[in-house]
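A.B. asks: Let me give you the structure first, and then I'll get to my questions.
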Amino acid sequence: MVNLLDKQRVESTQPFTVALLEQSGREAVFKRVRELSPNLPASDRAVGELKGGRGGAEQCLDAIDPVKYGSSRNHLDGAVTQLSPYIRHGVISMGEVRDRALKLSTPKQAEKFIQQLLWREYWQRIYTAHPERIWQDVEAYKTGFSPEDYADNLPRDILEGRTGVGCIDGFIAQLLGTGYLHNHARLYLAGYICHWRRVKWQAGAQWFLAHLLDGDPASNNLSWQWVASTFSHKPYYFNLENVDKFSGFNVDTRPETNAPLAGSYETLFARLFPNLEPSR
Amino acid sequence: MSYIWVHEDAMRLDHPVFQAAGGSAQPVFIWDTQEHDKRGYSFKRRVFIYESAQALNIPIYAGEPHEVLSALSDGSVLYAADTPDPYIQQILAELGRYQDVVKIGTEDLSHIPANADMGRFFRFWNKAKKSALTASWEKDEAGHIIRTERHRS
Ligand SMILES: Cc1cc2nc3c(=O)[nH]c(=O)nc-3n(C[C@H](O)[C@H](O)[C@H](O)COP(=O)(O)OP(=O)(O)OC[C@H]3O[C@@H](n4cnc5c(N)ncnc54)[C@H](O)[C@@H]3O)c2cc1C
């Protein structure tokens, strides 16, 4: 049975100009989405700050600064754009974003930014050519472990952001609360889940897809495989010093609340990948 | 009348599918609760998608896309932006058994040889870089670079 969501629009022969819900603000949207989603638990109430639609995309686009991006993008408080949910849902085309960057700067200055856009195109091309790679390991793990060594599901403390590791719990709170995480925070969280907790990347990827406003099967799952090492030469891992270097003041990087992440790369490598030859 | 299915991978009115379908084609969006449930989408994701759909000012239906689209378009031509998403592909393939379905690709940023090495990102980047770093106004419709001097507006 076809159910008209907004009868007025469908029956009208006039172009629809004013969105009724728009006038009453986001509250009306929240109510409508709730009505349309009877199976969502009532406890799932968080909404992101980024508002869907072309207007929101334009706000992000107007703020891009390709030059500053190039020098600061790895920092959690760097000049990243938050365009990803709009790009992921095709609200705005990557061509338009690229062209804006090239109006603001030279190709050389915009190179880092456009390279990041190209990551998305790369993942999309792989998704198109090999859809099975979205959920299957592309290659073997290069961690000294086999898939059976990894847990199938995320433990409860991760789902609830109560791991006891300060910065990790902060990133989880941000993921659940806003649906957005900086690329570096995604790497830290995914690395923690795959290598410190030894959970299959698929479980983490599924969880991210539920919460990220930009949740995209290709960019997300293939990035998880990159972290896990099933689509890269080596596993991605990090240490507390690195988190501290790229974090602003609002990330908890105190050694006493982040003990599992503290140590040199050599020490952590030996702890996380005991079956491998020491590498760094 | 022909229809354009504006699905969740291409929620804009300047996608090439609009040009291909022509001005008289009717765009529609379908709110698919069942699929959102299946994918485990949180409330915030659904809100973002709803707001994006609403901002398009096109008719929004709720239901299973296959059902809605076959009831609406009833044998006429259906246009949709192409996507790798297997769920959307499957719906389009099923509909294509009874009516004309035209899929229109999304513009690529870069143009690379069909046999380019996609094994790792940087091998792809080396091939894709030149066309990716060239603005649309310096390319023809097929994406080939037509001039190399800088243009600023
Ligand atoms: C574990 C993990 C999961 C991820 N999941 C997703 C996902 O579900 N959806 C998603 O769009 N991106 C994903 N990414 C890639 C990247 O983290 C986000 O695209 C980026 O952080 C979005 O923020 P932004 O718009 O501020 O990016 P910016 O740094 O401002 O970049 C501009 C645009 O380039 C694209 N982009 C940038 N970096 C990447 C990248 N590494 N891979 C692909 N595209 C990129 C995005 O479209 C982004 O909007 C993931 C990365 C990791 C490590």
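Chains A and B supply the protein sequences, listed in that same order. Take -10 as the starting number for the first sequence in the numbering used here and just add one per residue. Take 36 as the starting number for the second sequence in the numbering used here and just add one per residue. Yeah, the Cβ is synthetic: ideal placement off N, Cα and C, and Gly gets one too.
Nearest by alpha-carbon distance to Tyr177(A): which of Arg122(A), Phe235(A), Ser208(A) is it?
C.D. replies: Comparing Cα positions, the closest option is Phe235(A).
A.B. asks: I'd like to know whether the C-beta atoms of Pro55(A) and Ser82(A) end up nearer to each other than 7 angstroms.
C.D. replies: No. Outside cutoff.
A.B. asks: Can you give me the Cβ contacts of Gly98(B) inside the same chain, cut-off strictly under 7 angstroms, excluding the 5 residues immediately before and after it?
C.D. replies: Only Ile65 meet the Cβ criterion.
A.B. asks: In terms of DSSP beta bridges, what is Ile295(A) paired with?
C.D. replies: Outside the shown range of chain A, which is -10 to 269, sits residue 295(A), and nothing can be said about it.
A.B. asks: Hey, would you say the C-beta of Gln71(A) is under 6 angstroms away from at least one heavy atom of ligand 1?
C.D. replies: Yes, since a heavy atom of ligand 1 falls inside the 6 angstroms radius drawn around the Cβ of Gln71(A).
A.B. asks: Which of the three DSSP states, helix, strand or coil, is assigned to Phe5(A)?
C.D. replies: Bear in mind that the predicted position of Phe5(A) carries a pLDDT of just 30, short of 50, making it unreliable; the figure below should be weighed with that in mind. In the structure shown, Phe5(A) sits in coil (DSSP, three-state: anything other than H, G, I, E or B).
A.B. asks: What is the rounded straight-line gap between the Cα of Leu201(A) and the Cα of Arg23(A)?
C.D. replies: Rounded to whole angstroms, Leu201(A) to Arg23(A) spans 18 angstroms at the Cα level.
A.B. asks: How about Leu107(B) and Glu110(A): are their beta carbons less than 7 angstroms apart?
C.D. replies: Taking 7 angstroms as the Cβ cut-off, Leu107(B) and Glu110(A) do not qualify as a contacting pair.
A.B. asks: Express the C-alpha separation of Ile93(B) and Leu250(A) in angstroms, rounding to a whole number.
C.D. replies: For Leu250(A) and Ile93(B), the distance between alpha carbons rounds to 50 angstroms.
A.B. asks: Using a C-beta to C-beta distance shorter than 8 angstroms, which residues of chain B count as neighbours of Ile115(A)?
C.D. replies: Under the 8 angstroms cutoff, chain B gives Met153.
A.B. asks: Does the Cβ of Tyr133(B) have 16 or more other Cβ atoms within 10 Å, making it buried, or fewer, making it exposed?
C.D. replies: When all chains shown are included, Tyr133(B) counts as exposed.
A.B. asks: Looking at the strands, I want to know which residues DSSP matches up with Lys138(B).
C.D. replies: According to DSSP, which records beta bridges pairwise, Lys138(B) is partnered with Ala115(B).
A.B. asks: Would you verify that the beta carbon of Gln12(A) is, or is not, closer than 7 angstroms to some beta carbon of chain B?
C.D. replies: Low per-residue confidence applies at Gln12(A): pLDDT is 42, beneath 50, and the placement is therefore not dependable enough to give any value.
A.B. asks: Whose Cβ in chain B lies nearer than 8 angstroms to the Cβ of Trp185(A)?
C.D. replies: Going along chain B, no residue has its Cβ under 8 angstroms from Trp185(A), so there is no contact; the nearest lies around 24 angstroms.
A.B. asks: DSSP three-state call for Tyr226(A): helix, strand or coil?
C.D. replies: Reduced to three states, the DSSP call for Tyr226(A) is coil.
A.B. asks: Between Ile181(B), Asn161(B), Leu113(B), which has its C-alpha nearest Thr169(B)'s C-alpha?
C.D. replies: The residue with the shortest Cα to Cα distance from Thr169(B) is Ile181(B).
A.B. asks: Among the residues of its own chain, which have a CB less than 8 angstroms from the CB of Tyr85(B), if the five just before and after it don't count?
C.D. replies: The answer, listed in chain order, is Trp66.
A.B. asks: Listed in chain order, which residues of the region 37 to 68 of chain A have Cβ atoms closer than 8 angstroms to some Cβ of chain B?
C.D. replies: Within the region 37 to 68 of chain A, the residues whose Cβ lies closer than 8 angstroms to some Cβ of chain B are Gly37, Leu39, Lys40, Gly41, Gly42, Arg43, Gly44, Gly45, listed in chain order.
A.B. asks: Short of 8 angstroms Cβ to Cβ, which residues in the region 110 to 127 of chain B face chain A?
C.D. replies: The residues in question are Ala116, Pro119, Asp120, Pro121.
A.B. asks: Is any heavy atom of ligand 1 found at a distance shorter than 6 angstroms from the C-beta of Ser208(A)?
C.D. replies: Checking every heavy atom of ligand 1 against the Cβ of Ser208(A), one is found closer than 6 angstroms.
A.B. asks: Is Gly201(A) close to ligand 1? I mean its beta-carbon at under 6 angstroms from any heavy atom of the ligand.
C.D. replies: For the sequence presented, residue 201(A) should be read as Leu rather than Gly. For ligand 1, at least one heavy atom lies less than 6 angstroms from the Cβ of Leu201(A).
A.B. asks: Starting from Asp140(A), follow the beta strand (DSSP E) in both directions and report where the run begins and ends.
C.D. replies: Note on identity: in this sequence residue 140(A) is Ala, with Asp being the wrong assignment. Per DSSP, Ala140(A) belongs to no beta strand (DSSP E) and is neither H nor E.
A.B. asks: How should Asn264(A) be labelled, buried or exposed, when 16 other C-beta atoms within 10 angstroms of its C-beta is the threshold for buried?
C.D. replies: With fewer than 16 other Cβ atoms within 10 Å, it is exposed.
A.B. asks: Cβ of Lys162(B) less than 7 angstroms from any chain A Cβ?
C.D. replies: False, the Cβ-Cβ gap to chain A never drops below 7 angstroms.
A.B. asks: Can you pull the chain B neighbours of His171(A), defined as C-beta to C-beta under 8 angstroms?
C.D. replies: Residues of chain B passing the Cβ test: none, with the nearest at roughly 17 angstroms.
A.B. asks: Can you tell me which of His179(B), Gln61(B), Met46(B), Lys174(B) puts its alpha carbon nearest to the alpha carbon of Tyr114(B)?
C.D. replies: Out of His179(B), Gln61(B), Met46(B), Lys174(B), Gln61(B) has the C-alpha closest to the C-alpha of Tyr114(B).
A.B. asks: Inspect the CB distances between the region 89 to 108 of chain A and the region 184 to 200 of chain A and report whether three or more fall short of 8 angstroms.
C.D. replies: No contact exists between the region 89 to 108 of chain A and the region 184 to 200 of chain A.
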